[in-house]
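A quick write-up on the structure given underneath.
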Amino acid sequence: MRLRTAPRSVALTMIALAALTAFSASAGPSKGDAAAGKKIFVVKCVACHKPDGSGGIKLTGNPTPSWRDAKRMRDPRYNDDYLRDCIVNGKLKSGMVAWGKTGQLRPADIENLIAFIHTFAPLK
90 MRLRTAPRSV ALTMIALAAL TAFSASAGPS KGDAAAGKKI FVVKCVACHK PDGSGGIKLT
150 GNPTPSWRDA KRMRDPRYND DYLRDCIVNG KLKSGMVAWG KTGQLRPADI ENLIAFIHTF
210 APLK
């Protein structure tokens with residue numbers, strides 16, 4: 090007896106693995122382009138994080154963070170992997186959209202956005 094695998098389930102599995110690989114390959118410090126990230130920020134992020142990155146908008150339980158806070162941006166808990174996770178998966182308590190999961194941002198866009206976020210409080 091020969092087992093058949095449904096072509097659709099195989100295709101979906103391959104797509105999921107490709108997406109996981111793309112996001113996991115981006116672990117660590119971002120190598121994105123800040124200028125390209127600024128264009129994304131202006132369209133997708135300004136409403137909650139303000140044009141100057143100071144945040145403070147409270148959509149649900151927690152206000153959006155300030156990317157201008159150099160102390161916060163140097164804190165290892167808020168490294169690029171954390172930012173990447175926020176952008177990809179969202180944060181329910183703050184109302185952060187899961188831009189990566191919804192397909193609205195590609196992995197390269199996310200890296201560019203992270204690079205731009207660092208322009209508010211450059212790491213030294």
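In terms of this note's numbering, the sequence shown is numbered consecutively and its last residue is 213.
Where is the CB? At the ideal position from N, CA and C, for every residue including glycine.
These numbers were taken from a predicted model, which means no experiment stands behind them.
Annotated three-state conformation of K139 is coil, per DSSP. Annotation for N151: no alpha helix (DSSP H) segment contains it, and DSSP assigns it neither H nor E.
In the three-state DSSP reduction, K127 falls in the helix class (H, G or I). Distance from the CA atom of A123 to the CA atom of N151, rounded to whole angstroms, is 27 Å.
Closest by C-alpha distance to K139, out of W156, D170, A125 and D164, is W156.
Secondary structure at K180: strand, using DSSP grouped into helix, strand and coil.
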